[in-house]
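Under UniProt numbering, the first residue of the sequence shown carries the number 1, and numbering increases by one thereafter.
Think of the CB as a built atom: it goes at the ideal place given N, C-alpha and C, for glycine as much as any other residue.
Keep in mind the model is a prediction, meaning the values are calculated, not measured.
Each remark here refers to the structure printed beneath this line.
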Amino acid sequence: MLYNPYWTALPSTLENATSISLMNLTSTPLCNLSDIPPVGIKSKAVVVPWGSCHFLEKARIAQKGGAEAMLVVNNSVLFPPSGNRSEFPDVKILIAFISYKDFRDMNQTLGDNITVKMYSPSWPNFDYTMVVIFVIAVFTVALGGYWSGLVELENLKAVTTEDREMRKKKEEYLTFSPLTVVIFVVICCVMMVLLYFFYKWLVYVMIAIFCIASAMSLYNCLAALIHKIPYGQCTIACRGKNMEVRLIFLSGLCIAVAVVWAVFRNEDRWAWILQDILGIAFCLNLIKTLKLPNFKSCVILLGLLLLYDVFFVFITPFITK
């Protein structure tokens, strides 16, 4: 549940919270006083749907009916309540947003007779999850750099020039020249603009690309470890090529992980774990594969990405108002 603490204050502990009976009004828009049911909504927390009229107008109607709080059910991405509060200076009741999925689960679990207590626990001064995020980020960059260095060292130790060329072709390095860097950033900008206009469709394209790339990356990461194991190296022949059976099973496992995440990506309890694993594997493989041949390419890439970040984060809000 999301609410705006600058509009309404909530107690910081459950003991100080007041019990309120919850009334489901999702079948009515609550845009007029006539939408209030005959039994009334006095001293209740009402649940209303998003849309039909501004949620602050809904709050004004709910307040006139005597409601103490209003929960707006939203089927899209949640965001804290915001708007021109000066247009509704008389609205004093609590306004919060809740996802349709959470409200549906609450109804299925608790039934229609629900009593709620709303409070906002105080956040600690230091967020310990940032330490975990920092450790994961540093670990990924360090391990990816170490892996890339090991591969390069093996190339340098190659006995002949032919061996070196064969290793380079096998690893399929992606070298970023200055021109490639510029093209890469331009593609990123075009994709951001297309996502802004065609988000409903392109978001599934991006999910598909992420699943394919992360499944391949997870396979490359785990295959590098499996090659170090001297057991279970039985192979099968297919079209003149020998394939290890364990690698075939590994590819199936990696595809399954990506597919499971794609299907259950909105599952809040555990889907994020799969997303983190796939994301870490993608970054490791990218760091190992990507080659910036000189300092010039690094400067151009970082400079353009800085401009890209500043423009799309701080400047585009003024353009899209």
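**Prompt:** With C-beta atoms as the reference, is residue 305 less than 8 Å away from residue 185?
**Reply:** yes
**Asked** Per DSSP, residue 21 forms a beta bridge with which residues?
**Response** 44, 115
**Prompt:** Of the choices 271, 212, 240, whose alpha-carbon is the least far from that of residue 251?
**Reply:** 212
**Request:** Find the nearest neighbour of residue 50 within the set 33, 75, 66, 44, judged by alpha-carbon distance.
**Result:** 75
**Same chain, Cβ closer than 7 Å to residue 317, five either side skipped, listed in chain order** = none
**Request:** Can you grab the Cα-Cα spacing for the pair residue 121 / residue 133, in whole Å?
**Result:** 23 Å
**Message:** For residue 20, tell me which candidate among 46, 39, 40 has the shortest Cα-Cα distance.
**Reply:** 46
**Asked** Cα separation between residue 95 and residue 59?
**Response** 7 Å
**Message:** If contact is defined by three or more beta carbon pairs under 8 Å, each pair taking one atom from either stretch, is the segment 178-195 in contact with the segment 238-251?
**Reply:** no
**Message:** Tell me the rounded alpha-carbon separation between residue 172 and residue 200.
**Reply:** At residue 172, the pLDDT of 47 sits below 50, so the modelled position is not reliable; the number obtained from the coordinates is stated separately. The alpha-carbon atoms of residue 172 and residue 200 are separated by roughly 34 Å.
**Request:** Look up residue 300 in the DSSP assignment and say whether it is helix, strand or coil.
**Result:** helix
**Message:** Per the DSSP calculation, residue 291 is bridged to which residue(s)?
**Reply:** 175
**Prompt:** Cβ of residue 301 within 8 Å of Cβ of residue 181?
**Reply:** yes
**Request:** Tell me where the alpha helix (DSSP H) around residue 130 begins and ends.
**Result:** 129-156
**Asked** Taking C-beta to C-beta, are residue 48 and residue 13 nearer than 8 Å?
**Response** no
**Message:** Check for me: the beta strand (DSSP E) holding residue 73 runs from which residue to which?
**Reply:** 69-74
**Message:** Pop quiz: residue 282 and residue 271 are said to be a contact at Cβ under 8 Å. What is the actual Cβ separation, rounded to whole angstroms?
**Reply:** Wrong, their Cβ atoms sit about 16 Å apart, outside the cutoff.
**Item:** Bridge partner(s) assigned by DSSP for residue 244
**Value:** 235
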